[in-house]
Amino acid sequence: MAAPIVKKKVVFIMGSTGTGKTKLSINLGSQFPSEIINSDKIQVYKGLDILVNKIPESERCGIPHHLLDIIDNHYYTFTSDDFCKHALAAIDLIHQNGHLPIIVGGSNNYLEALVEDPNNAFLSKYDSCFIWLHVSLPVLFQYLDKRVDEMVDAGILDEIRQVYVPGASYSHGLRRAIGVEEFDHYILIEEESYDEAYKEKVLQDAIRRTKENTFKLAEDQLQKIHRLNYELGWGMHMIDSTLVFETVLRGEKYMDLYQEIILKPSMNIVQKFLEEATQETP
40 MAAPIVKKKV VFIMGSTGTG KTKLSINLGS QFPSEIINSD KIQVYKGLDI LVNKIPESER
100 CGIPHHLLDI IDNHYYTFTS DDFCKHALAA IDLIHQNGHL PIIVGGSNNY LEALVEDPNN
160 AFLSKYDSCF IWLHVSLPVL FQYLDKRVDE MVDAGILDEI RQVYVPGASY SHGLRRAIGV
220 EEFDHYILIE EESYDEAYKE KVLQDAIRRT KENTFKLAED QLQKIHRLNY ELGWGMHMID
280 STLVFETVLR GEKYMDLYQE IILKPSMNIV QKFLEEATQE TP
């Protein structure tokens, strides 16, 4: 009788945009020998770092990151097939390095293709742990509203100007990022001889639409996570982070709460997952 095969471990951190996936991935990666694989379809491109909330090199704590800033061509659409090919290669490399792959990002179509497509044989090769960071939508919308304002203050307009091409499509590549199309009209007129009140109105409308489309993205991502978990049976570990975000929005200290509600439970989940030997007889 053939000896059982011990499956290799992979951790996924999932959740709607703005729920703290990147922060948790760094925290976990600092506790367990890990490397991080980005699964955000926009963060694979170089550019728009503020707009797409890309983690700076200085905040990565020396943890290797894969599939981040790998595409120079802003018009190339990085498909689910592209993601699967790169992600599977990264997973194998990370295991060869003796580390734990942590896949983090909000592009759930990528994740579904990776896990569910039989051509990848993912379920037969790997044992997966899914951590789902959840924040109630009314609270998350308040946080995202504030985050867009902070991004404007931090200079997203300068970033968008750098990729602005009059009349170019917004359905491909980096230009699919929320905010690029929304600010199109403002960038088009900002140097023209329109009165300042009109320009300000156009600017505020662009900010409003960026927020609304970000809210819609968060809602769509949550619906997709529900489908993956409750219909496809992914068995996610849901961590409700709403109280932490309410504390952040009130401007109060939140790190003790973060440790108690998010980080410690996540560490316990991963520790238990790593201690379990999952085997499959060929």
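Using the working numbering, read the sequence shown as starting at 40 and increasing by one per residue.
Every residue gets a Cβ at the ideal spot worked out from N, C-alpha and C, and that includes glycine.
Following the DSSP letters along the chain, one finds N147 inside the alpha helix (DSSP H) bounded by residues 147 to 155. The alpha-carbon of G272 is positioned some 39 angstroms away from that of A245. Judged by DSSP in its simplified three-state form, M190 adopts helix. Y165 sits in a strand when the DSSP states are folded into three classes. The alpha-carbon separation between F312 and P304 amounts to approximately 12 angstroms. Of all alpha-carbon atoms in E270, P177, I130, the one lying nearest the alpha-carbon of F161 is that of I130. Looking at the DSSP output, F51 bridges to I142, F169. If you check the CB distance, H125 and E74 do not come in under 8 angstroms.
Residue nearest to H138 within the set C123, V49, Y115, V191 is V49 (criterion: CA-CA distance). Distance from Y297 to V283 at the Cβ level is roughly 5 angstroms; contact confirmed, criterion being Cβ atoms closer than 8 angstroms. In this structure the stretch 222 to 231 does not touch the stretch 105 to 122; the number of beta carbon pairs closer than 8 angstroms is below three.
Put simply, the backbone Cα of L256 is about 10 angstroms away from that of G57. Judged by DSSP in its simplified three-state form, H105 adopts strand. Distances from the alpha-carbon of A216 to those of M53, L90, L63 put L90 closest.
According to the DSSP assignment, E299 belongs to no alpha helix (DSSP H), since it is labelled neither H nor E. Judged by their CB atoms, E189 and L267 are not nearer to each other than the 8 angstroms cut-off. Under DSSP, D279 shares a beta bridge with H173. If you draw a straight line from the Cα of E258 to the Cα of F51, it is about 20 angstroms long. Only exposed fits C100, as fewer than 16 other CB atoms lie within 10 angstroms of its CB. When the alpha-carbon of Q262 is set against those of K46, K47, G54, the nearest one is in G54. Taking E314 as the centre and dropping the five residues before and after it, the same chain places no C-beta closer than 7 angstroms to its C-beta. Straight-line measurement puts the Cα of N159 at about 29 angstroms from the Cα of Q70.
Beta-carbon to beta-carbon, I199 and F169 are separated by about 34 angstroms, too far to satisfy the 8 angstroms threshold.
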